[in-house]
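Peer 1: Can you read through this structure? Questions will come right after.
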Amino acid sequence: MVRKCLKKKSKRITCHKRYKIIRKVKEHHRKLRKEAKKNLNRHTKKDPGVPNILPFKESFLKDVADAKMKLEEARLRNLEYLHTDKSPSHEVMHSTVQYDVKDVIKQSDIIIEVLDARDPLGTRCPDIEKIVLDENKRLVLLINKIDLVPRSNLEAWVTYLRKQNTVLTFKANVQRQSNHLSSGRLYILKDGKMPAKGFGTSELLSLLGNYSRNSNSEMSDADSRLSLTVGVVGLPNTGKSAIINTLKRQKVCVSGNVPGLTR
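All letters in the sequence shown, in the order written, are residues 17 to 279 by our numbering.
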């Protein structure tokens, strides 16, 4: 009797079926990723706690509770430490800052008073302007942070303030590097945001150059070589440090919300 030879079946499949399987698997993985994004906490493992078979379970739980209590006490102590007033009194700080401002005005040829574009009148200081006029110094009102207000509001404020003093607009540089801070023209990016570059540097430097030439023309030849001293004053958080850093093209001043920090 002739024995029939059984041939092993081939595992080869058609290309159509193989690509179909690949597409199905890819689609399945895509759905899994989509569901995982929707339900972030769906597959989070729950803490089973301390097992009962653990030796000395009660003492272990007591140690954990004591550690949590010590952490909470330390947190409360830190909060109390932060809330305690270790800074000098308001009167002493106010007198010190007032003395520094008067000293800056006396030593400067031109005073730049920095105003916040969001509230120019609220950030304007009549006492400083009175001291500047009494010392017979030039005063320039510099409206900073112009990227935070609509253009129509800014133009209205500039028109109003120019009836009283010289007014310029400015946007400080907000780049992260410490050196080579750039300036340029003001424009809006595609995402609606303002660029990090500064704006108004050339106009301010041009104005200071004109003042310097005018003052030197009135002096003698020996005094005409003297440099022009410019003082920057204003209320806290109006951007004095950022303006100085933008003009210097490097971060030479530390910013902060404490009065008298920028010197």
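Where a beta carbon is used, it is the ideal one built from N, C-alpha and C, also for glycine.
The model shown is predicted, which means the values in this text are computed figures rather than measured ones.
(1) Please report how far the alpha carbon of residue 262 lies from the alpha carbon of residue 213, in whole angstroms.
(2) Do residue 121 and residue 147 have their beta-carbon atoms positioned less than 7 Å apart in this structure?
(3) The beta strand (DSSP E) that contains residue 154, what's its start and end?
(4) Quick one: residues in its chain with C-beta nearer than 7 Å to the C-beta of residue 183, no 5 flanking neighbours on either side, listed in chain order?
(5) Less than 8 Å between the CB atoms is what I'm expecting for residue 138 and residue 185, so what's the real figure, rounded?
(6) Tell me, please, which residues DSSP counts as bridged to residue 129.
(7) With 7 Å as the threshold, decide whether the Cβ of residue 83 is near any Cβ in chain D.
(8) Tell me the DSSP bridge mates of residue 184?
(9) Quick one: Cα of residue 227 to Cα of residue 135, how far?
(10) May I ask you to report which of helix, strand or coil DSSP gives residue 214?
(11) With residue 143 as the anchor, note down where its alpha helix (DSSP H) starts and where it stops.
(12) Check whether the Cβ atoms of residue 66 and residue 73 lie closer than 7 Å to each other.
(13) What is the rounded straight-line gap between the Cα of residue 282 and the Cα of residue 84?
(14) Taking all protein chains shown into account, decide if residue 225 is buried (16 or more other Cβ within 10 angstroms of its Cβ) or exposed.
(15) Just mark residue 133 as buried or exposed, buried being the case when its beta carbon has 16 or more other beta carbons within 10 Å.
(16) Determine the closest residue to residue 180 out of 140, 189, 169, with distance taken between C-alpha atoms.
(17) Once the 5 residues before and after residue 247 are set aside, which same chain residues still bring their CB inside 8 Å of it?
(18) Is residue 249 closer than 7 Å to residue 162 when the C-beta atoms are compared?
(19) Need the endpoints of the alpha helix (DSSP H) that residue 41 sits in, please.
(20) Among residues of its own chain, excluding the 5 on either side of residue 153, which ones have a beta-carbon nearer than 8 Å to its beta-carbon?
(21) Express the C-alpha separation of residue 131 and residue 256 in angstroms, rounding to a whole number.
(22) Could you check the C-alpha separation between residue 45 and residue 187 for me, to the nearest Å?
(23) Going by CA-CA distance only, name the one from 55, 117, 41, 219 that's closest to residue 251.
(24) Any idea if residue 69 is buried or exposed, counting beta-carbon neighbours within 10 angstroms, 16 or more meaning buried?
Peer 2: Once the coordinates are examined:
(1) 9 Å
(2) yes
(3) 154-160
(4) 157, 159, 174, 177
(5) Between residue 185 and residue 138 the Cβ distance is about 17 Å, and since that is not below 8 Å, they are no contact.
(6) 157, 249
(7) Considering every chain present, this structure includes no chain D. It has just one protein chain.
(8) 158
(9) 28 Å
(10) strand
(11) Counting along the chain, the alpha helix (DSSP H) containing residue 143 begins and ends at 142-150.
(12) yes
(13) A query on residue 282 cannot be resolved here, the shown segment of the chain reaching from 17 to 279 and no further.
(14) exposed
(15) buried
(16) 140
(17) 120, 121, 123, 124, 126, 127, 128
(18) no
(19) 31-54
(20) So the qualifying residues of the chain are 121, 124, 125, 126, 127.
(21) 9 Å
(22) 49 Å
(23) 117
(24) Residue environment: residue 69 is assigned as exposed (fewer than 16 neighbouring CB atoms within 10 Å of its CB, all protein chains considered).
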